[in-house]
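*Asks:* Numbering (the working numbering), first residue to last: 1 to 158. This is the structure I want to talk about, given as C-alpha cells.
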C-alpha cells in the first residue's frame, strides 16, 4: 500500500495500481460496512491501519478510527451531518463520477449503513471520548477544513 500526493490530493496505490476511486465506490463502501461485522476482518484491518499510522504524522478517516484504531490520537474529530445532507453529498459525488443513481436510493443506503455500523457487535460506530464534534450539515467544505486545521495546529502547539 502506497500513498501519493497529486494536484487532486492524496491517492492510494496497491501493487502499483491507483485504487483511490474504487475505494470510494458504492460497492466498496457498502461492502466495507457488511464485512466489518466479522471480528477477523476488523482485527486485520486495525493491524494494517495501526502499521500505517505508526510512523506518525498521519491523518486517517473512518467510522472507528478514534475509538478503536487510534483511541489515543492527539486530535480526534467526529464529523457529523444530517442523513439528508450526507445523502445529497454522496449523490453529488456519485453523479460527478458518472454514476446515475437515485437520491432516495442513496439516502436509504446511507441509513442502512448507519444502522449496520451502529449495531455491529465489534467496533460499533460511536463518538470517541475526547473527540471534537463538528456538525457539517450547514457548513461549506472550506469552513470545515479551516476548523480542522485550527484543531490540529492547536494540538501541535500545545
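The beta carbon of each residue, even a glycine, is placed where N, CA and C say it ideally should be.
1. Residue 150 by DSSP, collapsed to three states: which one?
2. Pull up the DSSP beta-bridge partners for residue 133, would you.
3. Could you pull the start and end residues of the alpha helix (DSSP H) that residue 63 belongs to?
4. Pull up the distance between the alpha-carbon of residue 22 and that of residue 11, whole angstroms please.
5. Determine, using beta carbons only, whether residue 49 and residue 66 come nearer to each other than 9 Å.
6. Considering residue 4, what are the terminal residues of the alpha helix (DSSP H) in which it resides?
7. Measure the beta-carbon distance from residue 42 to residue 33 and round it to whole angstroms, keeping in mind my assumption that it falls under 8 Å.
8. On the DSSP letters alone, give me the boundaries of the beta strand (DSSP E) that residue 11 sits inside.
9. From residue 103 to residue 158, what distance separates their C-alpha atoms?
*Replies:* In terms of the structure at hand:
1. helix
2. 78
3. That residue, residue 63, is in no alpha helix (DSSP H); it is neither H nor E in DSSP.
4. 11 Å
5. no
6. Unbroken run through residue 4 is the beta strand (DSSP E), 2-6; no alpha helix (DSSP H).
7. Wrong, their Cβ atoms sit about 12 Å apart, outside the cutoff.
8. 9-14
9. 43 Å
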